[in-house]
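Going by the working numbering, the sequence shown opens with residue 11, and the numbers climb by one from there. Remarks on the structure that follows.
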Amino acid sequence: MKTRAVIYIVIAGLLWGSSGIFVHYLSPVGYTSLQMTAVRSVVAALSMLVYVLVRDKKLVKISLKKLLFVAGAGLCYYITASAYYAAIPASSISTAVILMYTAPVFVMAFSVAFMGERLTARKGISVFAMLLGCALVSGVIGGMAFKPLGIFFGLLAGIGYSGYNIFAKLSMDKGTNPITATLWCFIIASIAALCVSNPPQMVELTMKAPVWVPFALVGLGIVTCVMPYFLYTLALRDLPAGTATALGIVEPMAATVYSLTLGWETLSLASGIGIVLILGAVFLLSRNAE
């Protein structure tokens, strides 16, 4: 069973990592990062709603107290996706996804500062490796072109991702069913996204776009959200959370490999070392959580 769970998480990471491919083709059509997040969230919410209604309608119900924590997770998920999609055209796929994976450091810093968690040597080394890795990937060290806007959005995605993890953990601690929490997370994110994404413009863009665009929009929601989240949830039945998170480093590795293979970007020695340092830091922090 554990072998199957590991395979599920690897596949989930490969699917999550494909987000950059969809963004690469949809951005030139005219869709903004906010609009792509709206499509992804709405497709995910509708898919989850259908699944819940077929499986058990009672899973839709949630108390107001629990909904507050789930709403926090939904808003953080929305910020993460929007910032990540904005970071890709402003920098590169590999830079965006690697900076998003600085999230464990923000979670650790919050836990030490406000939740009484002890700062260990392993955590200190992880933070140093993460900061050095970010400096190398972003171009602060290594002589690469420094792109402030891309770095800003990448780090914002990391902060949003860390917030999602904190609120999701608090929600689980309150006894919220994971399926219910995920459903309402996507619903909240959809509401937030639709409020600021100019839906009429999205419809107009889609009507004028090439015939493949609607399929790509649905694929953005199904391939990069519904399927990986479902597989990840299945895997958590048989794997500790720390192990699952550590295996999640497949996502940034996959995103980088996709962009290199497709010839969209090249990898310098400095950025390569930075990627290894960041992924190593994430792995250390994840193993610490097991």
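Idealized CB from N, CA, C, for every residue including glycine.
With respect to Gly-168, Met-217 sits apart: the two C-beta atoms are not nearer than 8 Å. Nearest to Asn-187 by alpha-carbon distance, out of Val-137, Thr-243 and Gly-170, is Thr-243.
With a contact defined as Cβ atoms closer than 8 Å, Ser-51 and Ala-199 qualify at about 4 Å. Membership of Ile-17 in the alpha helix (DSSP H) is indicated by the continuous run 12-26. For Thr-190 and Ser-37, the gap between their C-alpha atoms comes out near 32 Å.
Buried is the label assigned to Ala-203, since at least 16 other Cβ atoms lie within 10 Å of its Cβ. For Leu-166, the secondary structure class from DSSP, reduced to helix, strand or coil, is helix. The criterion of a C-beta distance shorter than 8 Å is satisfied by Phe-79 and Ser-181. Within the stretch 201-231, the complete alpha helix (DSSP H) segments of 4 residues or longer fall at 209-218 and 223-231, listed in chain order.
By the Cβ rule, the stretch 73-91 does not count as touching the stretch 216-232, because fewer than three pairs are nearer than 8 Å. Annotation for Ser-43: Ser-92, Tyr-95 and Ala-96 place their beta carbon closer than 7 Å to its own, counting only its chain and skipping 5 residues before and after. For the pair Leu-69 and Val-62, the CB atoms are nearer than the 8 Å cut-off.
If you check the CB distance, Gly-23 and Glu-261 come in under 8 Å. For Thr-42, no alpha helix (DSSP H) segment is defined, and its DSSP state is neither H nor E.
In terms of Cβ geometry, Ala-245 and Ala-139 do not form a close pair [threshold 8 Å].
The three-state reading of DSSP puts Ile-72 in coil, since its state is none of H, G, I, E or B. Leaving aside the five residues that flank Tyr-87 on each side, the residues in its chain whose CB is nearer than 7 Å to its CB run, in chain order, Tyr-174, Cys-195 and Ala-199.
The C-alpha of Met-263 lies about 15 Å from the C-alpha of Ile-98. Between Ile-31 and the set Leu-227, Asp-248 and Met-118, the nearest pair of CA atoms involves Leu-227. By the Cβ neighbour-count rule, Gly-185 is exposed, with fewer than 16 other Cβ atoms within 10 Å of its own.
In this structure, the beta-carbon distance from Gly-143 to Leu-287 falls below 8 Å.
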